[in-house]
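A short worksheet on the structure shown next.
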Amino acid sequence: MERTHVPVLLQACIDGLAIRPDGIYVDGTLGRGGHSAEILKRLQNGRLVAIDRDAQAIEEAGARLAEFGDRVTLVHGNFAELDSILGGLGIDRADGMLFDLGVSSPQLDDAGRGFSYMQDAPLDMRMDRDAALTAAEVVNTWPEAELKRILFAFGEERYAPRIASAIASARSGKPIRTTLELVEIIRGAMPAAALREKQHPAKRSFQAIRIAVNDELNAISKMLDAAADRLAPGGRLAVISFHSLEDRIVKNAIQVRENGCTCPPDFPVCVCGFRQTMRTVTKRPITASEEEIRDNPRARSAKLRIAERV
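Following the numbering used here, the numbering of the sequence shown begins with -6 at its first residue and continues without gaps.
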């Protein structure tokens, strides 16, 4: 019997959002609609705006959420455009926003999307299949120096120079077309000690390329700016990240809005003009329980941070 899909850190997200039955909420990463469905169950005359850049996610989750009628508005778009999306819907402020920054299970499980280093597929990795840039273009046309930069900056890959050099050498003979071709090139560039590590040797490189293809870090920064501006006083922001780079961006964005005063510590009053706009609700990120990890191994690296608009 197929196990029912349960979204990562579901109960923690719902508790953290402190949902009001008449509130306006945003699920900026709809995916299969699991988080959205639980938010909608708690709304009476409230409203949910559910956004995803993957048209397939909108279609499939739309069928799941149809029972909620006009309480939910589905938007095919990028959460980087959150400000214009809400403005276009006539929404000035929201009472809560949720963002799950991971690749969704359907995207990982669909070998044809090219996100997985465990299955062979064309090098794609686009969250939005209408986007122009693919992983194949990044791998085959970006300069070696740029590949080294993104592998180190986005994947925190300590063997970035060796992997970038190996990719450049391999593609000089013929284009690198599939995920497993790329995996073998990465594997061949790494020292034996690295191949004995528990983590798959291509994990960090695939992460870096995916981030580059989808311009994820820029999108996250734009989303966090818009979310901070669009939350109503007392509104909650909940963000799930899956690697340290994302988590740092989220943590720093909250801290800047909470503790951004630049005055020397011995000043009796603030003179720099800083005004606190966010308050941290979770001093430490919430992580999955052992039970959840057993049921959903992909939850192992998930970190949830929650903040409140003041």
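In this text, a Cβ means the ideal position worked out from N, Cα and C, and glycines have one as well.
First through last residue of the beta strand (DSSP E) which encompasses S294: The continuous stretches of beta strand (DSSP E) do not include S294, and DSSP gives it neither H nor E.
In DSSP terms, what F92 is bridged to: V232
Spatial distance of L173 from A114 (CA atoms): 7 Å
Distance between P0 and D289 (C-alpha atoms, nearest Å): Per the sequence presented here, residue 289 reads as Asn, with Asp not at that position. Cα to Cα, N289 sits roughly 9 Å from P0.
Reduced DSSP secondary structure (H/G/I, E/B, other) of D8: helix
Contact under 8 Å by Cβ, S97 with A50: yes
Minimum length 3: unbroken beta strand (DSSP E) runs contained in the region 47 to 106: 65 to 69 and 87 to 93
Assumed close pair I286, A292 - CB separation to whole angstroms, cut-off 8 Å: 5 Å
Check whether A157 and L140 have beta carbons under 8 Å apart: yes
Endpoints, the beta strand (DSSP E) within which M271 is located: Where M271 is concerned, the enclosing beta strand (DSSP E) starts and stops at M271 to T273.
Identity of the residue in D117, L33 and V132 nearest L10 by Cα: Per the C-alpha coordinates, the member of D117, L33 and V132 positioned closest to L10 is L33.
Exposed unless 16 or more other CB atoms sit within 10 angstroms - verdict on K296: buried
Per DSSP, cross-strand counterpart(s) of E150: Paired residue(s): none; E150 is not in a bridge.
Element boundaries [beta strand (DSSP E), containing I44]: First-last of the beta strand (DSSP E) with I44: R40 to D45.
6 Å CB neighbourhood of T22 in its chain, flanking five on each side removed: Same-chain partners within the cutoff: F92 and D93.
Inter-stretch contact (C-beta, 8 Å, three-pair minimum) for the region 12 to 20 and the region 28 to 47: Three or more Cβ pairs drawn from the region 12 to 20 and the region 28 to 47 lie within less than 8 Å of each other, which places the two stretches in contact.
Element boundaries [alpha helix (DSSP H), containing D222]: E209 to R223
Residue nearest to V129 in terms of C-alpha spacing, selected from D117, R122 and A195: Note that residue 129 is Ala in the sequence shown, not Val. For the residues D117, R122 and A195, the minimum Cα distance to A129 belongs to D117.
Proximal residues to V206 (C-beta, below 7 Å), its chain only, five neighbours per side dropped: Excluding positions up to five away in sequence, the list reads M118, R119, L126, T127, A128 and V131.
Where the beta strand (DSSP E) through I179 begins and ends: Not the beta strand (DSSP E): I179 falls in the alpha helix (DSSP H), residues T172 to A182.
Three CB pairs or more closer than 8 Å across the region 273 to 280 and the region 216 to 224: no
C-alpha gap between C6 and E177, whole angstroms: Roughly 38 Å separates the two Cα atoms.
Local Cβ density within 10 Å of G26, reported as buried at 16 or more and exposed below that: The residue in question, G26, is buried, as its Cβ has 16 or more Cβ neighbours within 10 Å.
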